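Student: Take 108 as the starting number for the sequence shown in our numbering and just add one per residue.
Starting off with a structure, shown below.
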Amino acid sequence: MLDHELQHVPADLSEDELPSHAARVVQHLREAGALPLAGVGTLEAQKLTHILQTQLAAALHERGAYPDMAERVLVDQAHPQVSLQDALGGVLAGEGGQMLLSLRANKLVSISKAGKATALPEKLIDIWLQSLAAAAMDQPCNCVVVGRNAVVRVPPQDPEVARTQLQVLLATWAEGMRWPLPLPPGVALQWLKDKENTNALADAYEGSDFKSAEKDKDPALARTYPTVHDLLDTDALDRLAQAVYAPLQDWAAEAEVEVLPNAPADDEGDEA
């Protein structure tokens, strides 16, 4: 429910207006019937108001050093089989260069009971691609993502490295036009983490009591590879995961993580 509001924050919102803005947004959700009724709805409204206000305050703080809007970054990368042409809007500018700022309602990091926070690569795929595209056009950007439980900051990427990686991604995309690649993100990242843990791979792909099935997100995958063993039997997962998701994993590992106030550890029962 918060995602839509986080993507439509008024550009001139000030810190003084945060409490009233957050309260107004949540009240609109209640009036639209998006929240439960009676006391449960009141408690949920209070929770959402606090989350929204905390995230917006963090975003305003990050934006303080980048007060200006930069021109759109025009993206034009050619590959023998496909061309990538697009434009990146919403780029901010300041004394520190350029910044891509993104807000989302989901968690961005895993927090241990000891308080150690680790960025989750699967939550940063889109901002990683934007960072690659900007750097490939010789306009590298700092990347900041404000999520439900943390602020994640990642430095700009090297332009030459970014261009090389984009070529790999375009080649992979072209290969994917010829056959359904056995490359669901969650499975690929779990493979890079621990390829010997077949139970975790099966949970990621086929689902479990605590995790939705990744194959259900793509009918072509579910039809072609009904089980994780069918997917692994192609012997292509390691090659593709190393080419596509290992660089994402390395990039996320460089992130500076700032846990937001009152963010619970992963085993404290907070919703994802």
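For glycine and all other residues, C-beta sits at the position ideal for the given N, C-alpha and C.
Because the structure is a prediction, the values reported are computed rather than measured.
If I measure Cβ to Cβ from V366 and keep anything under 6 Å in the same chain, skipping five residues before and after, which residues do I get?
Tutor: A224, A257, listed in sequence order.
Student: Is it true that the CB of L195 sits closer than 8 Å to the CB of V180?
Tutor: In contact: V180 and L195 (Cβ atoms closer than 8 Å).
Student: Run through the stretch 221-271 for me and flag every whole alpha helix (DSSP H) of 4 or more residues, listed as ranges in chain order.
Tutor: Runs of the alpha helix (DSSP H) inside the stretch 221-271: 232-243.
Student: By Cβ distance, which residues of its chain are closer than 7 Å to A370, with the 5 residues on each side in sequence left out?
Tutor: Here the set comprises I218, N256, A257.
Student: To the nearest angstrom, report how far apart L324 and D123 are at their CA atoms.
Tutor: Just to set this straight, residue 324 is Lys in the shown sequence, not Leu. Spanning the two alpha carbons is a distance of roughly 41 Å.
Student: For V261, does the count of other Cβ atoms within 10 angstroms reach 16, so buried, or fall short, so exposed?
Tutor: It is buried - the Cβ of V261 has at least 16 other Cβ atoms within 10 Å.
Student: Contact between the stretch 201-213 and the stretch 233-246 is defined here as three or more beta-carbon pairs at a separation below 8 Å; is this criterion met?
Tutor: The stretch 201-213, when compared against the stretch 233-246, does touch it at the 8 Å Cβ threshold.
Student: Just checking, does the stretch 262-273 make contact with the stretch 289-305 on the three C-beta pairs under 8 Å criterion?
Tutor: No: the two stretches stay apart, fewer than three of their Cβ pairs being nearer than 8 Å.
Student: Determine the direct distance from the alpha carbon of A240 to that of D193, and round the result to whole angstroms.
Tutor: The straight-line gap from Cα to Cα measures roughly 9 Å.
Student: Which stretch, first to last residue, makes up the beta strand (DSSP E) that contains V216?
Tutor: Run containing V216: 216-218, per the beta strand (DSSP E) assignment.
Student: What three-state label does DSSP hand V198 in the structure shown?
Tutor: V198 falls in the coil class under three-state DSSP.
Student: Cutting at 7 Å between CB atoms, please list the residues of its own chain near D110, excluding the five before and the five after it.
Tutor: So the qualifying residues of the chain are R211, A212.
Student: Can you name, in chain order, every residue of its own chain whose Cβ lies under 8 Å from the Cβ of L48, other than the five neighbours on each side?
Tutor: Since the displayed the chain opens at 108 and closes at 379, residue 48 lies outside it and no answer follows.
Student: CA-CA distance, M284 and A269?
Tutor: Spanning the two alpha carbons is a distance of roughly 23 Å.
Student: In its own chain, which residues sit with a C-beta less than 7 Å from the C-beta of T341, not counting the 5 before and 5 after it?
Tutor: For T341, where only same-chain residues beyond five positions count, the Cβ hits under 7 Å are P289.
Student: Cutting at 7 Å between CB atoms, please list the residues of its own chain near A165, excluding the five before and the five after it.
Tutor: So the list reads V253, V258, L367, once near-sequence residues are dropped.
Student: Looking at the structure shown, is Q192 part of a helix, part of a strand, or coil, going by DSSP?
Tutor: Strand, per DSSP.
Student: Would you decide whether G140 is buried or exposed? Buried here means 16 or more other CB atoms lie within 10 Å of its CB.
Tutor: So G140 ends up on the exposed side.
Student: Where do the N-terminal and C-terminal ends of the alpha helix (DSSP H) with G146 fall, by residue?
Tutor: Segment 145-170, the alpha helix (DSSP H) holding G146.
Student: Got a sec? Which residues, its chain only, sit under 7 Å from W280 by beta carbon, not counting five neighbours each side?
Tutor: Same-chain partners within the cutoff: V189.
Student: So what does DSSP say about V116, is it helix, strand or coil?
Tutor: Coil, per DSSP.
Student: Helix, strand or coil: how does DSSP classify A129 here?
Tutor: Looking at A129 - three-state DSSP - the assignment turns out to be helix.
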